[in-house]
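Novice: In our numbering, the protein residues as written are 9 to 163.
Backbone N, C-alpha and C fix where the C-beta goes; we use that ideal spot for every residue, glycine too.
Everything numeric in this text was worked out from a predicted model, so none of it was measured.
The following block contains the structure, expressed as structure tokens.
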């Protein structure tokens, strides 16, 4: 079994409550995370995720929220798959109406076709994660608009 992890941090203009609320609408992730083609919420703690690989193969998994501390932390893990993914995102309120957003993702796998396809997608997971949170930052700060995001606007 192979275990790997990545971490990325950025500072987002806005208070932790609003940034947490925006991040909680992970149905929007496919609009700013390359490769994720679908995220759908099944219930309050369960969601369905899909990614496309270079060979146009779709990899699907289910994720559950394992811990949620309002405006501070969201932790999750995949369930029932050969590839295990878990992680957490923290939201730290800073001075000057800024929030430190830190994402930690850990994944483990055995070798096999499915693992190879996911690893292909995760070619440079650190770079992909950094790019994803920078795109989220642009969305959260209002420098890019995401189609459909207005229905999830922070309250």
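(1) Around the Cβ of residue 102, are there at least 16 other Cβ atoms within 10 angstroms (buried) or fewer (exposed)?
(2) What does the Cβ neighbour count give for residue 159, buried or exposed, with the cut at 16 atoms within 10 Å?
(3) Any heavy atom of the ligand ATP closer than 6 Å to the Cβ of residue 34?
(4) Take the Cβ of residue 41 as the centre, count every other Cβ of all protein chains shown within 10 Å, and call the residue buried at 16 or more, exposed below.
(5) As a quick exercise: from 70, 61 and 43, pick the residue whose alpha carbon is nearest that of residue 53.
(6) Closer than 7 Å, CB to CB, is residue 76 near chain C or not?
(7) Taking the CB atoms as reference points, tell me whether residue 57 and residue 73 lie closer together than 7 Å.
(8) So what's residue 96 in DSSP terms, helix, strand or just coil?
Specialist: By the coordinates alone:
(1) exposed
(2) In this prediction, residue 159 has a pLDDT of 49, which is less than 50 and means its spatial position is unreliable; what the coordinates show is noted afterwards. Exposed: under 16 other Cβ atoms inside 10 Å.
(3) Ligands in the displayed structure: none, and consequently the ligand ATP is not present.
(4) buried
(5) 70
(6) Of the protein chains in this structure there is only one, and it is not chain C.
(7) no
(8) strand
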